[in-house]
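Quick notes on the structure that follows.
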Amino acid sequence: KAGVTQTPRYLIKTRGQQVTLSCSPISGHRSVSWYQQTPGQGLQFLFEYFSETQRNKGNFPGRFSGRQFSNSRSEMNVSTLELGDSALYLCASSPDLGESYEQYFGPGTRLTVT
Amino acid sequence: ILNVEQSPQSLHVQEGDSTNFTCSFPSSNFYALHWYRWETAKSPEALFVMTLNGDEKKKGRISATLNTKEGYSYLYIKGSQPEDSATYLCASLSGYSTLTFGKGTMLLVSP
Numbered sequence: 251k252a253g254v255t256q257t258p259r260y261l262i263k264t265r266g267q268q269v270t271l272s273c274s275p276i277s278g279h280r281s282v283s284w285y286q287q288t289p290g291q292g293l294q295f296l297f298e299y300f301s302e303t304q305r306n307k308g309n310f311p312g313r314f315s316g317r318q319f320s321n322s323r324s325e326m327n328v329s330t331l332e333l334g335d336s337a338l339y340l341c342a343s344s345p346d347l348g349e350s351y352e353q354y355f356g357p358g359t360r361l362t363v364t
Numbered sequence: 007i008l009n010v011e012q013s014p015q016s017l018h019v020q021e022g023d024s025t026n027f028t029c030s031f032p033s034s035n036f037y038a039l040h041w042y043r044w045e046t047a048k049s050p051e052a053l054f055v056m057t058l059n060g061d062e063k064k065k066g067r068i069s070a071t072l073n074t075k076e077g078y079s080y081l082y083i084k085g086s087q088p089e090d091s092a093t094y095l096c097a098s099l100s101g102y103s104t105l106t107f108g109k110g111t112m113l114l115v116s117p
């Protein structure tokens, strides 16, 4: 079974631009979560999608948004990039996170904002 | 406790030593407690998901316990090996699908 894939793996953007990151979950998994990891902060929850519906959102500004498609693939978008958005963005999939299944993480997208 | 807290922040042990880490989490609105191992240059890998008070889980030399009433979990590694070197993360599932992570315990096992 193929694992969770994320594209692109690395990205360099300029302040003010926008970016879209993609996540393809493990086949059959309907829950996709997104996390931001910055030095010293640990993994911060961004949002979780299940069957195309956002079930929960973390404490991030409205510049961070996401969506999930009918095939469970998910995208997250960050508009008007700031230097502080430089981070590793991880997605994780699960059959259903809310039912206490474990998550499987992708390799992450390393975003650098200059 | 409002956040998920892990201690110690880092740990350096010798091969063969046994060690344990602590994870403290809010006991209200609790659904599950996750443990992950995150090795450098790899993705976090799930170790355990525990839901019930008193749960104990084991995978090889690694085991974990859960106390939901007081809001803590322990992770034990028996006979540490260099390949156990990693950051160990715990995360509390609350609000049904919000997973809040601690900052992790970085373990280094020297041969």
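Protein chains in written order, with my numbering: chain H, 251 to 364; chain F, 7 to 117. Even glycine gets a Cβ: it sits at the ideal position worked out from N, Cα and C.
#1: Is H/Ala342 closer than 8 Å to H/Val254 when the C-beta atoms are compared?
#2: Would you call F/His18 buried or exposed, if buried means 16 or more other Cβ atoms sit within 10 Å of its Cβ?
#3: So what does H/Arg360 bridge to, in DSSP terms?
#4: Can you tell me whether H/Thr364 is buried or exposed, with buried defined as 16 or more other CB within 10 angstroms of its CB?
#5: Who are the near neighbours of F/Lys75 in its chain, counting only those whose CB is closer than 7 Å to its CB and skipping five residues on each side?
#6: F/Leu58 versus chain H: which residues are under 9 Å apart at the beta carbon?
#7: Just grab the DSSP bridge partners of F/Tyr94 for me.
#8: Under 8 Å, with one C-beta from each stretch per pair, do the stretch 20-27 of chain F and the stretch 311-321 of chain H reach the 3-pair mark?
#9: What are the residues in the stretch 100-114 of chain F lying within 8 Å of chain H by C-beta distance?
#10: Any C-beta of chain H sitting closer than 8 Å to the C-beta of F/Pro14?
#11: The beta strand (DSSP E) that contains F/Lys64, what's its start and end?
#12: Applying a beta-carbon distance threshold of less than 7 Å, which residues of chain H neighbour F/Ser34?
#13: I'd like the span of the beta strand (DSSP E) that includes H/Lys307, first residue to last.
#14: At a CB-CB cut-off below 7 Å, which residues of chain F make contact with H/Pro357?
#15: For the stretch 75-87 of chain F against the stretch 30-47 of chain F, are there 3 or more C-beta pairs whose distance is under 8 Å?
#16: Does the distance from the C-beta atom of H/Tyr351 to that of H/Pro345 stay below 8 Å?
#17: Could you tell me the distance, in whole angstroms, from the CA atom of H/Thr257 to the CA atom of F/Arg43?
#18: Name the two residues that bound the continuous beta strand (DSSP E) containing F/Val55.
So, to answer that:
#1: yes
#2: exposed
#3: H/Tyr260 and H/Leu338
#4: exposed
#5: The beta carbon of F/Lys75 sits closer than 7 Å to the beta carbons of Ser33 and Asn59 from its chain, once the five residues preceding and following it are set aside; these are given in chain order.
#6: Within 9 Å Cβ-Cβ: nothing; F/Leu58 doesn't reach chain H, min ~10 Å.
#7: F/Arg43 and F/Thr111
#8: no
#9: Of all residues in the stretch 100-114 of chain F, those with a C-beta nearer than 8 Å to a C-beta of chain H are Gly101, Tyr102, Ser103, Thr104, Leu105, Thr106, Phe107, Gly108, Lys109 and Gly110, reading in chain order.
#10: no
#11: Glu62 to Lys65
#12: The premise fails here: F/Ser34 is roughly 17 Å from chain H at the closest Cβ pair, so nothing lies under 7 Å.
#13: Thr303 to Lys307
#14: Ser49
#15: Cβ pair count under 8 Å is three or more, so yes.
#16: Yes; because the gap between Cβ atoms is below 8 Å, this pair is in contact.
#17: 23 Å
#18: Glu51 to Met56
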